[in-house]
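Residue numbers (this note's numbering): 1203 to 1371. Yeah, the Cβ is synthetic: ideal placement off N, Cα and C, and Gly gets one too.
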Ligand SMILES: [Zn+2]
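Below, the structure written as C-alpha cells:
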C-alpha cells in the first residue's frame, strides 16, 4: 500500500475491468480507511497497509472499492472526492453516517443490526424479524441524530472561535 501511493493502485473487478487509482485518490482512500477503522473499532481487520482492496465496479469512471470485505467507498477520480457507501453488498448509495449503525443508506435503515436476532439454528418466532428491523431502524436513527448533534456542537464551537477572532481585531 505504501508503494501504491507513489504509483497509483491497480485493481481489477471480477469481470476483468481494470482501473488504476491515481496517487491522490489512493491517499484519500487510505486516510478514510484509517479513520473508519478507528470510528468503527474494526481493529480485527488488520493494519490499513495489510488490508485487501477489491474493485467492485467501475461505472461512470467512478470505481467502487471494498476494503477488507467490510468498508465500501466510491471514488470520484475527476473531483478527487470520496463517498462512503452503504455497507449493504452491491448498494451504491451513500451511507447516512460514519458509525457502525449509520453506515447504511436511507433504503437500508431496516437492515437488522448484528446481535438483534438469534444465531442461525436457533428458533426465530413469527414477527421476530419485523421487530428486529423496527428496532434496528430506531437504533440507526438515534445514532445518526447523535452524529449530527456532535457535528452541530463542533460547528458551534468553531463559530465561537471565529467570533472571538473577529472581536480581537
Ligand atoms: Zn444501501
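For residue i and residue j, what's the separation of their Cα atoms in angstroms?
i, j, result
"residue 1310", "residue 1345", "14 Å"
"residue 1217", "residue 1364", "51 Å"
"residue 1370", "residue 1357", "20 Å"
"residue 1318", "residue 1280", "41 Å"
"residue 1320", "residue 1341", "18 Å"
"residue 1301", "residue 1244", "11 Å"
With respect to 8 Å, is the separation between the Cβ of residue i and the closest non-hydrogen atom of ligand 1 below this value?
i, result
"residue 1314", "no"
"residue 1356", "no"
"residue 1309", "yes"
"residue 1267", "no"
"residue 1345", "no"
"residue 1363", "no"
"residue 1290", "yes"
"residue 1369", "no"
"residue 1272", "no"
"residue 1295", "yes"
"residue 1235", "no"
Rounded C-beta distance between residue i and residue j? I'm assuming under 8 Å.
i, j, result
"residue 1295", "residue 1227", "That belief does not hold up - the Cβ atoms of residue 1295 and residue 1227 are roughly 20 Å apart, past 8 Å."
"residue 1257", "residue 1221", "6 Å"
"residue 1237", "residue 1273", "Not quite, the Cβ-Cβ distance comes to about 10 Å (not below 8 Å), so this is no contact."
"residue 1349", "residue 1299", "4 Å"
"residue 1209", "residue 1223", "Contact flag wrong, Cβ pair sits at about 10 Å."
Name the one or two DSSP bridge partners that residue i has.
i, result
"residue 1275", "1267, 1286"
"residue 1363", "The partner list for residue 1363 (beta bridge, DSSP) is empty, contrary to what the question assumes."
"residue 1296", "1287"
"residue 1257", "1267"
"residue 1211", "1223"
Less than 9 Å between the beta carbons of residue i and residue j, yes or no?
i, j, result
"residue 1336", "residue 1305", "no"
"residue 1277", "residue 1242", "no"
"residue 1269", "residue 1253", "yes"
"residue 1325", "residue 1260", "no"
"residue 1314", "residue 1290", "no"
"residue 1383", "residue 1303", "Since the first and last residues shown for the chain are 1203 and 1371, residue 1383 lies out of range."
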